[in-house]
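Peer 1: I'd like to ask some things about the structure below.
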Amino acid sequence: MKRPVNEWKTAIRGVLRRTSFRLTISLLISVIVIVSILSAFSYKQSVRIVEQETADAVLQTVERTGKHLEHMLREYASYLDMMVYDQELLNKLIVLSTPQDAAVYERTELELAQLLRSYTYGKPLGESITVFSLDYHHVVSTFPNNLIHPMMKSGNAERIRQIDWIHSLDAAEGPTVFLDAREEAFVSTNPQEAYFAVARKMSDPLNPSLSLGMILLEVSTAQLHAALDGSAQTGNSGYVILSEQGRIVDASEPALARGSLLDASILEEVMAGNGRGGTFTSSEWMDRDHYYVYYETDPAGWYVLSYYPREELLEPVRQLLWNFLWLAVVCSAVAAICVGYLVHRGVGIPLRHLHRVMREGEAGNIAVRTTDNPDNEIGDLGRAFNQMMEQITLAYHDTLTSLPNRRFLIEKIEQLIEEAQTSQHRFAVLFMDLDRFKDINDTLGHHAGDQLIQKIAKRLLTCMREGDTVARIAGDEFVALLPLRESDTQEAEQVAASIMQAVRRPCVILGQEILVTTSIGAAVYPKDAADAEGLLQAADRAMYEAKASGKDAVVAYRSTMDRA
């Protein structure tokens with residue numbers, strides 16, 4: 001009986017899944033998918049617009065910063081140009097470039113130092129001004145003598161010529177040279193500042209081919225930082241000033257070493273750009289996506305490179321998108337809940353009622369029927385279920401007693417055999433036949449016999465334990481299936497004794513008290529037989545042995561009964 005009921009339960013579960021739950025989830029998923037697609041498209045468009053607008057705005061800011069830097073560098077260069085044409089300065093360099101007495105050199109250096117200091121009065125353009133004679137033998141600086149690096153003092157011409165940035169000055173083609181920033185000073189011993197320098201070769205104005213030496217304006221990068229800080233950055237963004245060779249002159253981030261080369265991937269993008277300015281995106285340098293905007297300056301050929309996190313730029317757009325998504329999801333959920341509630345009332349509740357009724361039918365209640373069968377598909381299911389239960393009742397149950405019939409019994413035995421093959425459990429078969437039932441039928445009639453059978457059936461049901469089964473297989477023949485939890489047959493003997501005691505109780509039929517007994521034959525799986533028919537035959541032989549021994553008895557099957 002369970003097989004058709006299980007099939008109906010499976011069908012009902014499928015209908016449940018396809019109706020309220022599936023409809024609700026499908027609606028919710030559909031709305032979320034549509035909202036997600038629209039949001040993704042909107043986000044992509046918003047990102048493109050924000051990126052473009054931000055890139056344009058930052059490029060303008062970087063251009064302004066670059067022009068501000070150009071102005072500062074030109075001011076440094078023009079400052080040196082003014083000094084180049086100072087005749088007093090040139091005369092003193094000529095003295096230092098020609099053979100003179102030591103006293104003359106010393107006096108000229110002192111006068112030149114005083115002249116250089118006069119250039120710094122009220123014009124704090126640089127940290128120091130240093131003049132080198134043509135042969136580097138004489139070095140005069142605005143720095144006090146005790147702050148000048150020992151290597152850079154007068155008389156160290158050979159050592160001075162070996163300095164790397166001196167080589168750069170000598171090799172330069174133009175008169176003005178911008179030197180890359182260094183973590184240490186060019187001339188002084190001050191280790192607390194990073195410096196860059198602007199150098200100018202000096203020659204006789206009347207004879208340009210006659211070189212007289214060189215003047216060096218040493219500038220702290222702190223001056224650049226103070227002038228540019230904030231003009232090319234917002235939030236967590238920053239800027240880097242790069243020399244023509246790609247070395248860091250100044251940066252908003254103190255951790256970036258002045259004079260060091262910028263990351264190769266970023267430097268390649270900057271150097272490969274067309275025109276004086278441009279933008280690009282990269283995650284190579286700072287381990288996350290950044291937008292980079294650069295601008296090339298004159299006259300030094302330096303670059304202003306501004307960077308800002310892409311994530312920070314897109315955060316407002318992302319937050320707006322998330323707010324929109326949450327609102328859409330909440331609205332979708334509310335709509336889905338409303339639809340689900342309506343579907344649940346119209347479909348879910350009737351289907352669950354039908355499912356509950358089917359579970360009762362599976363448990364053995366063959367009288368269960370559905371009563372709420374509306375005029376729709378669910379009502380059709382209920383009516384079909386009622387028809388199925390009627391057919392099951394006719395096919396698997398005795399119409400007189402409502403007990404399972406022989407067909408049900410055979411399937412139940414086969415099920416127990418299948419379970420026993422994996423669990424090693426045993427079960428007993430009790431074959432019962434009422435004694436002298438034919439005499440009662442002949443004396444009182446078949447109607448009285450039917451009433452007696454019904455009363456005996458009810459008594460047998462009261463003797464069954466949980467999990468036991470009792471069936472009527474013929475007129476006055478009943479069979480009980482008893483799963484055994486112990487290794488012996490004591491459980492079966494106890495149930496058989498209970499049955500015999502219940503049957504012996506008087507029955508009042510048509511106003512007459514009738515006494516009846518039963519003969520019981522017992523067989524055990526797998527000891528006595530290995531299949532359903534074999535077990536029934538073994539129990540039947542044992543039952544006849546009980547009748548032959550005087551009736552109202554229980555006899556267990558023995559193999560010798562087959563030979564008899």
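Under the UniProt record's numbering, residues 1 to 564 are what the sequence shown spells out, in order. Where a beta carbon is used, it is the ideal one built from N, C-alpha and C, also for glycine.
So the beta strand (DSSP E) Leu262 belongs to, where does it begin and stop?
Peer 2: Neither: Leu262 is in no beta strand (DSSP E) and is coded neither H nor E.
Peer 1: Closest to His137 by CA distance: which of Lys153, Asn146, Tyr525 is it?
Peer 2: Among Lys153, Asn146, Tyr525, the Cα nearest to that of His137 is on Lys153.
Peer 1: In terms of DSSP beta bridges, what is Asn207 paired with?
Peer 2: Answer is Asp204.
Peer 1: Which value, in whole angstroms, describes the spacing of the CA atoms of Asn145 and Ala113?
Peer 2: Answer to the nearest angstrom: the Cα atoms are 10 Å apart.
Peer 1: Using the C-alpha atoms, what's the distance from Gln162 back to Leu224?
Peer 2: Leu224 and Gln162: Cα-Cα distance of roughly 29 Å.
Peer 1: Starting from the C-beta of Ala492, find all residues in its chain whose C-beta is less than 8 Å away, skip the five residues before and the five after it, and write them out in chain order.
Peer 2: Ala428, Leu430, Leu482, Leu484, Ala522, Val524, listed in sequence order.
Peer 1: Since Val58 and Val293 are thought to touch, with beta carbons under 8 Å apart, how far apart are those beta carbons, to the nearest angstrom?
Peer 2: Yes, they are in contact, since the Cβ atoms of Val58 and Val293 sit about 5 Å apart, within 8 Å.
Peer 1: Given a threshold of 16 other Cβ atoms within 10 Å of its Cβ, counted over all protein chains shown, does Leu217 qualify as buried or as exposed?
Peer 2: So Leu217 counts as buried.
Peer 1: Between Pro404, His447, Leu73, Asp263, which has its C-alpha nearest Arg247's C-alpha?
Peer 2: Among Pro404, His447, Leu73, Asp263, the Cα nearest to that of Arg247 is on Asp263.
Peer 1: Return the bridge partner residues of Leu484 from the DSSP annotation.
Peer 2: Partner(s): Arg426.
Peer 1: Whose CA, out of Ile337, Cys331, Val339, Ala384, lies closest to the CA of Leu354?
Peer 2: Among Ile337, Cys331, Val339, Ala384, the Cα nearest to that of Leu354 belongs to Ala384.
Peer 1: Name the one or two DSSP bridge partners that Leu305 has.
Peer 2: Partner(s): Val240, Tyr294.
Peer 1: Using beta-carbon positions only, say whether Arg518 and Met432 come within less than 9 Å of one another.
Peer 2: For the record, residue 518 in the displayed sequence is Thr; it is not Arg. Yes, the Cβ-Cβ distance between Thr518 and Met432 is below 9 Å.
Peer 1: What did DSSP end up calling Ser141 once you bin it into helix, strand or coil?
Peer 2: It is a strand residue.
Peer 1: Take the Cβ of Cys463 as the centre, count every other Cβ of all protein chains shown within 10 Å, and call the residue buried at 16 or more, exposed below.
Peer 2: Per the 10 Å Cβ criterion, buried.
Peer 1: Tell me the rounded alpha-carbon separation between Glu158 and Gly213.
Peer 2: Computed Cα separation, rounded: 15 Å.
Peer 1: Helix, strand or coil: which one does DSSP assign to Ala553?
Peer 2: Three-state result, Ala553: coil.
Peer 1: What are the boundary residues of the alpha helix (DSSP H) that includes Tyr121?
Peer 2: It is not in any alpha helix (DSSP H) - Tyr121 carries neither H nor E in the DSSP assignment.
Peer 1: Over what stretch of residues does the alpha helix (DSSP H) that includes Ile509 continue unbroken?
Peer 2: Careful: Ile509 lies outside any alpha helix (DSSP H), inside the beta strand (DSSP E) at 507–509.
Peer 1: How long is the line joining the alpha carbons of Leu444 and Ile520, rounded to whole angstroms?
Peer 2: Each residue's Cα considered, the two are about 25 Å apart.
Peer 1: Could you check which residue in Val95, Pro150, Lys551 has the C-alpha nearest to that of Asp135?
Peer 2: With distances taken between Cα atoms, Asp135 lies closest to Val95.
Peer 1: Among Ile473, Gly259, Lys458, which residue has its Cα nearest to the Cα of Asp540?
Peer 2: The candidate whose alpha carbon is nearest that of Asp540 is Ile473.
Peer 1: Can you list, in chain order, the residues of its chain with a C-beta nearer than 6 Å to that of Phe280? Leave out the 5 residues immediately preceding and following it.
Peer 2: Result list for Phe280: Glu269, Tyr292, in chain order.
Peer 1: To which residues of the same chain is Arg459 closer than 7 Å at the C-beta, ignoring the five residues directly before and after it?
Peer 2: Once the five neighbours on either side are set aside, the close Cβ partners of Arg459 are Ala502, Val503.
Peer 1: In chain order, which beta strand (DSSP E) runs of at least 3 residues are fully inside the segment 127–179?
Peer 2: Counting whole runs of 3 or more residues, the segment 127–179 contains the beta strand (DSSP E) stretches 128–133, 139–141.
Peer 1: Any idea what DSSP makes of Val524, helix, strand or coil?
Peer 2: Here Val524 sits in strand by DSSP.
Peer 1: Within 10 angstroms of the Cβ of Ile453, are there 16 or more other Cβ atoms? Answer buried if so, exposed if not.
Peer 2: Result: buried.
Peer 1: Taking all protein chains shown into account, decide if Thr221 is buried (16 or more other Cβ within 10 angstroms of its Cβ) or exposed.
Peer 2: Thr221 is buried by the Cβ-count criterion.
Peer 1: Nearest to Asp56 by alpha carbon, out of Arg436, Val84, Ser306?
Peer 2: Checking every option, the nearest Cα to that of Asp56 belongs to Ser306.
Peer 1: Suppose the cutoff is 6 Å on Cβ atoms and the five residues either side in sequence are ignored; what does the same chain contact list for Val140 look like?
Peer 2: Correct list, in chain order: Glu109, Leu112, Ala113, Val131.
Peer 1: Ser168 and Leu179 look like a contact to me (Cβ under 8 Å); what is the Cβ gap, rounded to whole Å?
Peer 2: Their Cβ separation, rounded to whole angstroms, is 7 Å, which keeps Ser168 and Leu179 in contact under 8 Å.
Peer 1: State the start and end residues of the unbroken alpha helix (DSSP H) segment that holds Glu88.
Peer 2: Start and end: 87–96.
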